[in-house]
Structure formats: C-alpha cells, structure tokens
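Peer 1:
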Amino acid sequence: MIRFNKVNKWFGRDHHVLKNITLEVKQGEVVVVCGPSGSGKSTLIRTINQLEPVNDGVIIVDGITITDPKTNINKVREEVGFVFQHFNLYPHLTVLENITLAPIQVRKMEKAAAEQLGVELLERVGLLNKKDVYPAQLSGGQQQRVAIARGLAMRPKVMLFDEPTSALDPEMIGEVLKVMQDLAESGMTMVVVTHEMGFAREVSDRVIFLDHGEILEDAKPEDFFTNPQHERAKQFLRQILAPMHQ
Amino acid sequence: MNYHWDWGIFFKSTGIGQEIYLHWFITGLGWTVALSLSGWLIAMLLGTVLGVLRTLPQRSLSAIGTAYVNLFRNVPLLVQLFVWYFIVPDYLPEPIQTWFKQGLKPEISGFISVVACLGLFTAARVCEQVRTGIQALPRGQINAALALGLNPWKTYRHVLLPQAFRIIIPPLTSEFLNIFKNSSVASLIGLMDLLAQTKQTAEFTANLFEAFTLATLIYFTLNMSLMLMMRWLEKRVKVPGLISLGGK
Ligand SMILES: Nc1ncnc2c1ncn2[C@@H]1O[C@H](COP(=O)(O)OP(=O)(O)O)[C@@H](O)[C@H]1O
Ligand SMILES: [Mg+2]
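This is the structure we're talking about:
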C-alpha cells in the first residue's frame, strides 16, 4: 500500500532529516512510528501525502508514484486521511460541516448524501449529539474524534496519525485510542506516530523506531519491546516506559 | 461674535422650482452614498484578489500584489483622482474615448472616474487587511485543507477567507468609513456630492455655519450607522464558543 525506496530529505542544505528511508506498509497493516523528539517522525509521515516534498527516492502510495512530478497530488491526498496533533478542525464550520466539506467539494457528493455519511461517522466516533456545535465548544478528545471522522469521510485507503493524543489531557487519551483501535480492527491501513506504547503493543502489527532520520528498528511489537537491537532504542524504551513502572 | 443663526434656512426655496435647500443636501447625500458604495464594491473584490495573491507561494504572483499596494498607497488620493479624471480618458482606445468624453453626461463620466479612483485606492488598503487576516491563521488550517485534497482555490474559498474576513471586520470597518470620507474628493471635479452641496448652500445663502453644521451631522450620523451595521455583522458571523480566530 505504501512503499518508500531510498528516500532522502534535507531541510536547507545540511540538515539531513530523512536518511535513506526504505519501508513498506502492506494493506491492512497498522504501523507505529516512534523515536525521540526531532528524529523526523512528523516529516516522515507527512511525506506520505506530500505535505513535505522529498529530495530524492521514490514513494509509492496505492500504486501511484507520488514522488513523480507528473502525479496529481490532490488525487493521492483524497485517498490518504491525515490526523494532526492539534486537530486542525475548521473553527468556523460546525462539526458536521467539517466532515462534509471535502466529500462535497472534492468528491462532488450530494449534500444530503454527504450529511448522511457524516452522521454515520459521527455515530461511529460517538459524537452524533454534537453534530451542530462548533469545534471550540468541544473538548480536545472530542475534537480529535471529529478530526478522525473528517478524515474517514473521504473513504481513504490509508489513515495517517501524527501524535494524535499528545496534545490531549490524560483523561481524554483513552477515548481517541479506542476509536483508533476500532478503526484498526476494521482493517484500515494505518501509520501512527505515537508514544502510546500500550497502543503499539496491543494494536500495531509493526513498530518502527526512528532516530536522527534513520530507521534503526523495524520489528513486530513483541520483538521491539522485549529485544530491541540498538542501544538508542533500548535507551528510548527505558525513558518512555519508566513512568509506568513507578 | 454677532452671527445670526437661522435654522429655517434649509426650508427656504432655492429659487429653482419647488426646491428647498434641504433637497440639495439630500441629493448630495445620495451621490456620496452611491460613490462610496460603488467604490467599496470594487475595493472589496479587487482587494480580496490582491490580498490572496500576496499570500501565494509563487513569487511572481505575490509580487503583483506587492507592486500594486506600493503604487496605490504611496500616491496621494487627490493625485490619483486627477490621473483618473484628466489623464486616463485621453488614453482610452477609440471608440470608448469619444463615448466617455462626449457620449456620457459629464456627471456620469465624473462619477466613473471617482468610483475608479476610490475603488482602486481603497483596494490597496483592503488587500493589506486581507493578507494580514490570512497570515494570522494557524498553518495547520492550510495543511488540513491540503491533506483532504482541496485545491488551492477551494482552500481559500472555504477555509481561509471565511476565517480571515471574520478577523478583519474591525479594520475593514474603518476602511469602509474612510471611503465615505474620501468620497468628498468628488466635489473637486464638480460632482455635486454632500460636500459640494454644502459649499453651494453656504455660498447661496451666506449661512455658512448652518450649512456646515448640518453637513457635519449628516456625515456623523452616516458614520455611526455604518459602524453599528458592521458591529451587527460582526456579531452575526461570530463563531459560537470561539474567543478569537487569530490566536495560536
Ligand atoms: N519546516 C522545517 N524547516 C526546517 N527544519 C525543520 C522543519 N520541520 C522540521 N524541521 C526539523 O527537522 C527535524 C525533524 O523534525 P520532525 O519531523 O518534526 O521531528 P519529530 O516529529 O520526530 O519530532 C527537526 O530537527 C526539526 O527541527
Ligand atoms: Mg512531530
């Protein structure tokens, strides 16, 4: 579904943020990307829908070579949902309008059909009763669930999540992870940047550890957590898991 | 000072038919409003396009907006009016030139010149407000639109501009009021707007103070009502629960 072949990216001339990334995500797979802050996780996930262009290498999404300059990138973006750390809902639109905007404008759906779809998705994320309110009237966790519904409204083949719970108060993390877990169980292909190691362990099929723009580990969660290969990964795990053993 | 105030003057006949002086003020106000609203329409349309241009990543396009703003903001309004009124018509292609100079009534061709002048001058100012409004939005708004496959036009139309306009209603209000005040330049090329009618009344009646007091009251009432209208608009489009769209 997603394939990276020797992808490199620089910010400016000498800040090498993605180093020779080669990676494959199969249909239906759930892949967690983790690593220290600044290691290039956001940049990596944003290259999948070309919110960040790359300098060289090839990225293929659903059979389309998106690094080819001739590709109409909007067509690819329609198939790839993206959930941001800070939700980025449209504050001037109601919850339902947030969800129906792209289906109506991009997919040319009838308004009534789009609203029907919106209602179904809101039901799925448990927020049907909020369909007519504005994002600012929702809690962070609710906003993020709307953002997930908004992404799903395009009926994407892949969903990307960039730290979807790290801007949330702790008591709201669970409700968002629950929606993501349901989505994973429904067979969605997902790439998730997160430090929620519980989610990685229980839901993901693979964990990728990124450090200084390089993939150091690419393993099944049981192997990653019990037997990481690199010293940097061990150190990262010690740090991130420490609070849980207190 | 031994000035004899005479407020009855506005109801005295001008000597032309049934007309009283108050009529002059009313037709003057009509011209002022027509000039200002027509100019504002142009300013909003053109200013929005230019403001959007200035926020585009393509350098050549944003440079067009920048050049326009520099030109129209740095040349005094009066100079611009004389250019539109005295110079530009000579460079119009035939047969438009003959039509403009001879086919149209003088007050209509004057009206067109003043509207073009006010509209293009104010467009530069609206452009800057629109640009500021767009740039005040969090970068995540564009990213979210792009990620959903919206093209640039739809991103501006449905995501960026509706938010930017809400932010800039207060500064736009002051531009809107300014265009009414600026429209008084029309009197300099002989259009009978409110200011011109006031001056004419003062000359005809020698009741200078009454004439200008009334004009002041009319301009003041006009401005206050426009301001209240814009306040009402601001309330109407306010997004529930949102303190400020500009933040973050
Ligand atoms: N737009 C940008 N311009 C320049 N440098 C950037 C930009 N975005 C990110 N970076 C740099 O690239 C590196 C990787 O960033 P990022 O992908 O956001 O890391 P992560 O998500 O893992 O924290 C960081 O050093 C960051 O400072
Ligand atoms: Mg990040």
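Top to bottom, those sequences are chains A and B.
Everything in the first sequence is counted per this note's numbering, starting at 167 for the first residue and increasing by one.
Everything in the second sequence is counted per this note's numbering, starting at 1271 for the first residue and increasing by one.
Ideal Cβ positions, reconstructed from N, Cα and C, are used throughout, including at glycine.
All figures in this text were calculated on a predicted structure; none of them were measured in a lab.
1. Could you check what DSSP says for residue 375 of chain A in three-state terms: helix, strand or coil?
2. Output the distance between the C-alpha atoms of residue 1450 of chain B and residue 1296 of chain B, rounded to the nearest integer angstrom.
3. Go through its chain and collect everything with a Cβ distance to residue 211 of chain A's Cβ below 7 angstroms, but skip five positions before and after it.
4. Would you tell me roughly how many angstroms separate the C-alpha atoms of residue 167 of chain A and residue 188 of chain A, rounded to the nearest one?
5. Taking the alpha-carbon positions, what's the residue 280 of chain A to residue 224 of chain A distance?
6. Grab me the residues of residue 342 of chain A's own chain with a C-beta within less than 7 angstroms of its C-beta, minus the 5 sequence neighbours each way, in chain order.
7. Is there at least one Cβ from chain A nearer than 8 angstroms to residue 1424 of chain B's Cβ?
8. Check residue 197 of chain A in the structure and name its three-state DSSP category.
9. Mind checking if residue 272 of chain A is an interface residue toward chain B, Cβ cutoff 8 angstroms exclusive?
10. Quick one, what's near ligand 1 if you take every residue whose CB is closer than 5 angstroms to any heavy atom, in chain order?
11. Which chain B residues sit within Cβ distance under 9 angstroms of residue 310 of chain A?
12. Assuming residue 213 of chain A and residue 220 of chain A form a contact by the criterion Cβ under 8 angstroms, report the distance between their Cβ atoms to the nearest whole angstrom.
13. If you follow the alpha helix (DSSP H) that residue 1469 of chain B is part of, which residue opens it and which one closes it?
14. Less than 8 angstroms separating the beta-carbons of residue 1397 of chain B and residue 1309 of chain B?
15. In the DSSP output, which residue or residues are listed as bridge partners for residue 380 of chain A?
16. Confirm, please, whether the CB-CB distance from residue 271 of chain A to residue 1430 of chain B is below 8 angstroms.
17. Under 8 angstroms Cβ to Cβ from residue 297 of chain A, same chain only, skipping five residues before and after it: list those, please.
18. Please list the terminal residues of the continuous alpha helix (DSSP H) segment that includes residue 221 of chain A.
19. Are residue 1464 of chain B and residue 1433 of chain B touching if we call contact CB-CB under 8 angstroms?
20. Anything in the segment 239–270 of chain A with a Cβ closer than 7 angstroms to a Cβ of chain B? List those residues in chain order, please.
21. What's the gap between the Cα of residue 1306 of chain B and the Cα of residue 1328 of chain B?
22. Return helix, strand or coil for residue 1421 of chain B, following the three-state DSSP convention.
23. Find the residues of chain B that neighbour residue 408 of chain A, judging by a C-beta separation of less than 9 angstroms, and give them in chain order.
24. Just verifying my parser: in three-state terms, what is the DSSP assignment at residue 1313 of chain B?
25. For a test of the three-state rule: what should DSSP assign to residue 1274 of chain B, helix, strand or coil?
26. Taking only beta carbons into account, state which residues of the segment 1403–1418 of chain B come closer than 7 angstroms to chain A, listed in chain order.
27. Taking beta-carbon pairs under 7 angstroms, can you tell me which members of the segment 300–334 of chain A lie near chain B?
28. Return the bridge partner residues of residue 182 of chain A from the DSSP annotation.
29. Over the uninterrupted beta strand (DSSP E) stretch that includes residue 248 of chain A, give me the two end residues.
30. Alpha helix (DSSP H) containing residue 1392 of chain B: first to last residue?
31. Just the chain A side, please: which residues come within less than 7 angstroms of residue 1327 of chain B by C-beta, in chain order?
Peer 2: So, from the data block:
1. If DSSP states are grouped into helix, strand and coil, residue 375 of chain A belongs with the strands.
2. So the alpha carbons of these two residues sit roughly 15 angstroms apart.
3. The residues are 199, 326, 328, 357, 359.
4. Rounded to the nearest angstrom, the two C-alpha atoms are 14 angstroms apart.
5. Going from the Cα of residue 280 of chain A to the Cα of residue 224 of chain A covers about 35 angstroms.
6. Cβ neighbours of residue 342 of chain A beyond the five flanking positions: 307, 310, 311, 330, 331, 334.
7. Closer than 8 angstroms to some Cβ of chain A, the Cβ of residue 1424 of chain B qualifies, so yes.
8. Residue 197 of chain A: strand per DSSP, three-state reduction.
9. Yes - at least one Cβ of chain B is within 8 angstroms of the one on residue 272 of chain A.
10. In chain order, the qualifying residues are A:177, A:183, A:203, A:204, A:205, A:206, A:207, A:208, A:209.
11. Result: empty, since nearest Cβ-Cβ is about 13 angstroms, beyond 9 angstroms.
12. Between residue 220 of chain A and residue 213 of chain A the Cβ distance is about 5 angstroms, and since that is below 8 angstroms, they are a contact.
13. Unbroken alpha helix (DSSP H) run through residue 1469 of chain B: 1464–1475.
14. Against a cut-off of 8 angstroms, the Cβ pair of residue 1309 of chain B and residue 1397 of chain B comes out as no contact.
15. Answer by DSSP bridge pairing, in chain order: A:377.
16. Judged by their CB atoms, residue 1430 of chain B and residue 271 of chain A are not nearer to each other than the 8 angstroms cut-off.
17. Within the same chain, residue 297 of chain A has close Cβ partners 260, 261, 262, 284, 285, 288.
18. Counting along the chain, residue 221 of chain A falls outside any alpha helix (DSSP H), and DSSP gives it neither H nor E.
19. No, they are not a contact pair.
20. Along the segment 239–270 of chain A, going in chain order, the ones with a CB nearer than 7 angstroms to a CB of chain B are 240, 243, 244, 248, 250, 252, 254, 256, 257, 258, 267, 268.
21. If you take the alpha carbons of residue 1306 of chain B and residue 1328 of chain B, they lie about 33 angstroms apart.
22. In this structure, residue 1421 of chain B counts as coil in the three-state DSSP scheme.
23. The premise fails here: residue 408 of chain A is roughly 31 angstroms from chain B at the closest Cβ pair, so nothing lies under 9 angstroms.
24. In this structure, residue 1313 of chain B counts as helix in the three-state DSSP scheme.
25. Residue 1274 of chain B: coil per DSSP, three-state reduction.
26. If you check each beta-carbon in the segment 1403–1418 of chain B against every beta-carbon of chain A, the ones closer than 7 angstroms belong to 1410, 1411, 1413, 1414, 1416, 1417, 1418.
27. Residues 300, 302, 303, 320.
28. Its beta-bridge partners are A:176.
29. Residue 248 of chain A -> beta strand (DSSP E) spans 246–249.
30. It spans 1376–1405 - the alpha helix (DSSP H) in which residue 1392 of chain B sits, taken as one unbroken run.
31. Within chain A, no residue has its CB atom less than 7 angstroms from the CB of residue 1327 of chain B, the nearest being about 12 angstroms off.
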